[in-house]
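Line by line, the protein sequences are chains Z and U.
Heads up: the first sequence begins at 1 in our numbering, then just goes up one per residue.
Heads up: the second sequence begins at 1 in our numbering, then just goes up one per residue.
Even glycine gets a Cβ: it sits at the ideal position worked out from N, Cα and C.
Note sheet for the following structure.
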Amino acid sequence: MLIPHPLLGLRDAQEFTYLGDARLIDRPNGMAENAAEAFHDYVYLRDNPAGVHRELWFHEQGDRSWLIVTRDTTTHEILGAELARDVALTRRGALSEGGAQA
Amino acid sequence: MTQLSGGLIDRGRTIRFRFDGKDYQGHPGDTLASALLANGVTLMGRSFKYHRPRGVFSAGSEEPNALVELRTGARREPNTRATVVELFDGLEASSQNRWPSLKHDFMAVNDLFANFFAAGFYYKTFMWPRAFWEKIYEPAIRKAAGLGSLSFQADPDAYDKGFLHCDLLVIGGGAAGLAAALTAGRAGARVILADEDFRLGGRLLAETHLLDGAPATRWIDRVQAELDSLPNVRVMTRTTVWGAFDHGVYGAVERVSDHLPDPNGAVRQTLWRITAQRTVLAAGATERHIPFANNDRPGVMLAGAVRAYANRWAALPDGPVAIFTNNDDGHRTALDLAEKGVTIAGVVDARPDARSLGRYQLFAGGMVTDTKGRHGLTRIEVAQNGQTTWLDCGALGVSGGWNPNVHIASHHRGRPVWDDGLQAFVPGEGGPVGLSAAGAAAGQGATGAALASGAAVAQAALAAIGVDAALPDLPQAESEFTAPHPVWHVPGKGRAWVDFQNDVTVKDVKLAHQENLRPVEHLKRWTTLGMATDQGKTANVTALAVMAELTGQSIQNTGTTIFRPPYTPVSMSVLGGGDTGANFRPRRLTPTHKWAKAQGAVFIEVGQWMRAQYFPRPGETTWRQTVDREVLATRKGVGICDVTTLGKVDVQGADAAEFLDRIYANAMKSLKVGMVRYGLMLREDGHACDDGTCARLADDHYVVTTTTAQAGPVYRHMEYARQCLWPELDVQLISTTDAWAQIAIAGPNARKLLERVVDGVDLSNEAFPIMACASLTVCQGLRARLFRISFSGELAYELAVPARYGNALIQRLIEVGADLGAVPYGTEALGVMRIERAMPQATS
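Encoded structure:
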């Protein structure tokens, strides 16, 4: 398998370590009122879709960046790869903007 | 043996080889099978279950019968197909699955009880008592049935692996493959042409067709010369592409020196990982047979194989040759052989309206219904219009049509589709992305059609990646094709083999049907059809057609079993690619390894690391003596131990404290500069996952340690937290495990010893208390870090210096500490001291 690293181009999947569902980056706030419930869902519940899946890969034998790779689990087709840090920052921006509006 | 003229063998040179202890001679260009045939040997093996005498059946990698053990001693290799073993001087081969000899096999008694050994026999019979299966039944069955045996010695040969990239991978170097490679090569595309044979040409080598009025080899040689001259084309013979993997990656094995008597230090085989933008599958086709009673005698062969042995290798079994066919291609064998002066006993054609294409006796609408000959075919029984006659013959060529080699196109769950016009499965939808089939593999088997299809498919494949390719000038060739008449087996009472390798007969297929094991995957598992080294290349389609006949379903709806890699057997050695023994995984040495080795240390593997376990001294006879001495010396004086393998992560940035506060279960923000604190890491579900120390060197600079085993995972986790969970924090991480040599100095004299190496730092208990840390220099100016932490409860420090100084530092410490009783100790003494202090042992 080949993963299109946003900075380094096509890299062999052997260079990467797999973690799992990209939704792990949305870690609940441990201080929130419903934290116990939220953490239960966060830690134990995973979707296992047959089809498009966003997932976390670590370029361990490379530049040590975490990527969010969009992969079709039925064909292994890779539809894209982004730096997880960029995605996380964008989300944070979107959340705080949303927060500001609210 | 029938001596023939011609052939693509070099009669000017002789190759000597042995089979079952007897000496024979062959020529360059021969395979083991062709050379044996040329020497009059037709009996080459015994069948899997019934131990029936078997001869060579095919002329290629699909061979079910002629399996031999190759070479001797540690190089012994079981289950090689004699049909693909390139002959070399001094080759030694022996038959397998027989005792005491191939001609007199004691286990042939199994054949007398064949009625008991029908499909599913083992499952039904050896059920009780249950415990007997693993201990008694299975080992006994495995011994009686089977293939060759292993040498049980380490493989002495070298293997390698490599990576290749290309625009177009062409699998197969026959008519279609050569046309495809030529089209792409001339267009300037990066091309890899791989063929499993040692000579390019594929089926063309076995035929007498003319290309542009000349023998095909002339065109092949010309194309090969042109391809060789193109720097963008890599031609790989003796290379089998055995599987398609994700994203255009193909596995291939190149047999670099299998054809040499001894690799002589060179690599024997190379595992290639080929990444191709586009792929043309030009893997040709495999002939199928028509089961009839006692069709497994040596001498009964595929008609195309008979033709190949005659044309390419000038070898045939003794006696007249008969043909049993349901299509015109079978007649071609009779014509080619007649041309060479071979007596044709007759052509039995199942088609009632069959026409004779030459001067031989034709049995139109006939069937072969039985055979005779104990160790080799002597007679066949032919039924025609209710009459039966016996014909004398030494060989029978059987042709039931050709099955396109759809295997690689059917990896990734591509499903072949049945083409009624061709009476064959052709590649269907859903196979490997970027792969298209051409030539006989796509059902375009006639030479002219194969050439044109190879060029056109390559052109289309290149267009898809933006390369403009012109169609090359292709030679004039025959383009005749008739689909086989659908006759799938000859009805009758006798045992008619479908799968020779696994001894599966038409009766077994019927039994599977009767017992409701009708889906092809069930059929396969119940009867073992299509298993083992040939994976049913000559059997599967025939068997499922018989099943379709029984169920009344169409062949399309009956379907094929799933195709999986490898296409042909691949050895574990080459899959390892040389990564065996010491090369199995990276081995990491500590900075003091050289010194420890010189001290006679005994090492132990800790993950990838080699650590000194203990340091025996003259006179010490057991490890226990050594460890006791090391422990006592440390307790009384001072012990020195390399602890570099513990993971180290350097954490810097304005938010370093905040980051570590979140990473650890305990607080790190409150840690004062110049102090160390124990830290515990938890997983999200609350389980402890690692522990270590956290030292604060500056407001915005920490150094944390991890356990040896978790150094990688902890660093990965910290990067995950930094990049994915808290990207807004200003913090940077780097693993410095290998950058710093870290040495523990423990025992009552530890401080005294340290004072002799550090440069002007007050190490008194008040100035440098327990859990203190500092950046300082040692040995007059070498930068270092000192931590007052104890792994074993003593007065202890850990001193870190840049890794390249580790070896010198440990020597200096031992030297200057001689009068303080300084001794090195290993991981064993470390463990003992921890246990004595009731401190937890590392879970790693």
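Assigned exposure category for residue i - 16 Cβ within 10 Å defines buried
{"i": "Ala-100 of chain Z", "result": "Reliability of the predicted coordinates at Ala-100 of chain Z is poor, the pLDDT of 42 falling under 50, and no value is obtained from them."}
{"i": "Trp-390 of chain U", "result": "exposed"}
{"i": "Phe-57 of chain U", "result": "buried"}
{"i": "Phe-848 of chain U", "result": "Because residue 848 of chain U is not part of the residues shown, which for chain U are 1 to 844, the question remains open."}
{"i": "Met-31 of chain Z", "result": "exposed"}
{"i": "Pro-824 of chain U", "result": "buried"}
{"i": "Thr-843 of chain U", "result": "Here Thr-843 of chain U scores only 44 on pLDDT, less than 50, and its place in the model should not be relied on; the value that follows carries that caveat. Counting Cβ neighbours within 10 Å, Thr-843 of chain U comes out exposed, since fewer than 16 surround it."}
{"i": "Phe-500 of chain U", "result": "buried"}
{"i": "Trp-99 of chain U", "result": "exposed"}
{"i": "Tyr-678 of chain U", "result": "exposed"}
{"i": "Glu-86 of chain U", "result": "buried"}
{"i": "Glu-33 of chain Z", "result": "exposed"}
{"i": "Pro-49 of chain Z", "result": "exposed"}
{"i": "Ser-229 of chain U", "result": "exposed"}
{"i": "Ile-136 of chain U", "result": "exposed"}
{"i": "Ser-34 of chain U", "result": "buried"}
{"i": "Gly-93 of chain Z", "result": "exposed"}
{"i": "Glu-62 of chain U", "result": "buried"}
Any chain U beta carbon closer than 8 Å to residue i
{"i": "Ala-88 of chain Z", "result": "yes"}
{"i": "Gly-99 of chain Z", "result": "With a pLDDT of only 44 at Gly-99 of chain Z, under 50, the local geometry of the prediction cannot be trusted, and no value is derived from it."}
{"i": "Thr-73 of chain Z", "result": "no"}
{"i": "His-5 of chain Z", "result": "no"}
{"i": "Arg-85 of chain Z", "result": "yes"}
{"i": "Leu-79 of chain Z", "result": "no"}
{"i": "Ala-94 of chain Z", "result": "no"}
{"i": "Arg-27 of chain Z", "result": "yes"}
{"i": "Met-31 of chain Z", "result": "no"}
{"i": "Thr-17 of chain Z", "result": "yes"}
{"i": "Leu-8 of chain Z", "result": "no"}
is_contact[residue i, chain Z] using C-beta, thresh 8 Å
{"i": "Pro-565 of chain U", "result": "no"}
{"i": "Leu-725 of chain U", "result": "yes"}
{"i": "Arg-353 of chain U", "result": "A small fix is needed here, since residue 353 of chain U is Asp in this sequence, not Arg. No, no contact with chain Z."}
{"i": "Asp-685 of chain U", "result": "yes"}
{"i": "Glu-658 of chain U", "result": "no"}
{"i": "Arg-588 of chain U", "result": "no"}
{"i": "Arg-716 of chain U", "result": "yes"}
{"i": "Glu-728 of chain U", "result": "yes"}
{"i": "Tyr-720 of chain U", "result": "yes"}
{"i": "Ala-688 of chain U", "result": "no"}
Distance CB(residue i)-CB(residue j) smaller than 8 Å
{"i": "Ala-334 of chain U", "j": "Val-347 of chain U", "result": "yes"}
{"i": "Thr-644 of chain U", "j": "Thr-705 of chain U", "result": "no"}
{"i": "Trp-497 of chain U", "j": "Ala-119 of chain U", "result": "no"}
{"i": "Gly-284 of chain U", "j": "Gly-330 of chain U", "result": "no"}
{"i": "Leu-193 of chain U", "j": "Leu-435 of chain U", "result": "no"}
{"i": "Leu-377 of chain U", "j": "Val-306 of chain U", "result": "no"}
{"i": "Leu-43 of chain U", "j": "His-375 of chain U", "result": "yes"}
{"i": "Ile-25 of chain Z", "j": "Ala-81 of chain Z", "result": "no"}
{"i": "Thr-592 of chain U", "j": "Ile-810 of chain U", "result": "yes"}
{"i": "Trp-623 of chain U", "j": "Thr-708 of chain U", "result": "no"}
{"i": "Thr-83 of chain U", "j": "Gly-55 of chain U", "result": "no"}
{"i": "Thr-736 of chain U", "j": "Val-649 of chain U", "result": "yes"}
{"i": "Gly-821 of chain U", "j": "Ala-633 of chain U", "result": "yes"}
Residue i Cβ short of 7 Å to the ligand FMN heavy atom set
{"i": "Ala-818 of chain U", "result": "The model depicted lacks the ligand FMN and carries no ligand whatsoever."}
Segments of 3+ residues assigned as beta strand (DSSP E) that fall wholly inside the region 435-518 of chain U: 435-437, 497-499
Please specify which runs of the beta strand (DSSP E), each continuous and at least 3 residues long, are wholly inside the region 356-423 of chain U, giving them in chain order. Here the runs fully enclosed are 362-364, 367-372, 379-384, 387-392, 395-399, 402-404, 417-419.
So within the region 48-131 of chain U, which uninterrupted alpha helix (DSSP H) runs reach at least 4 residues, ignoring any that extend past its ends? 121-125
With 9 Å as the C-beta to C-beta threshold (strictly closer), list the residues of the region 242-272 of chain U near chain Z in chain order. Answer set for the region 242-272 of chain U: Phe-245, Asp-246, His-247, Gly-248, Val-249.
Identify each residue in the region 42-67 of chain Z for which the Cβ-Cβ distance to at least one residue of chain U is less than 9 Å, and report them in chain order. Tyr-42, Val-43, Tyr-44, Leu-56, Phe-58, Glu-60, Arg-64, Ser-65, Trp-66
Run through the region 580-630 of chain U for me and flag every whole alpha helix (DSSP H) of 4 or more residues, listed as ranges in chain order. 593-598
Considering only residues of the region 35-98 of chain Z, which uninterrupted beta strand (DSSP E) runs meet the minimum length of 3 residues and lie entirely inside it, listed in chain order? 52-58, 66-72, 78-83
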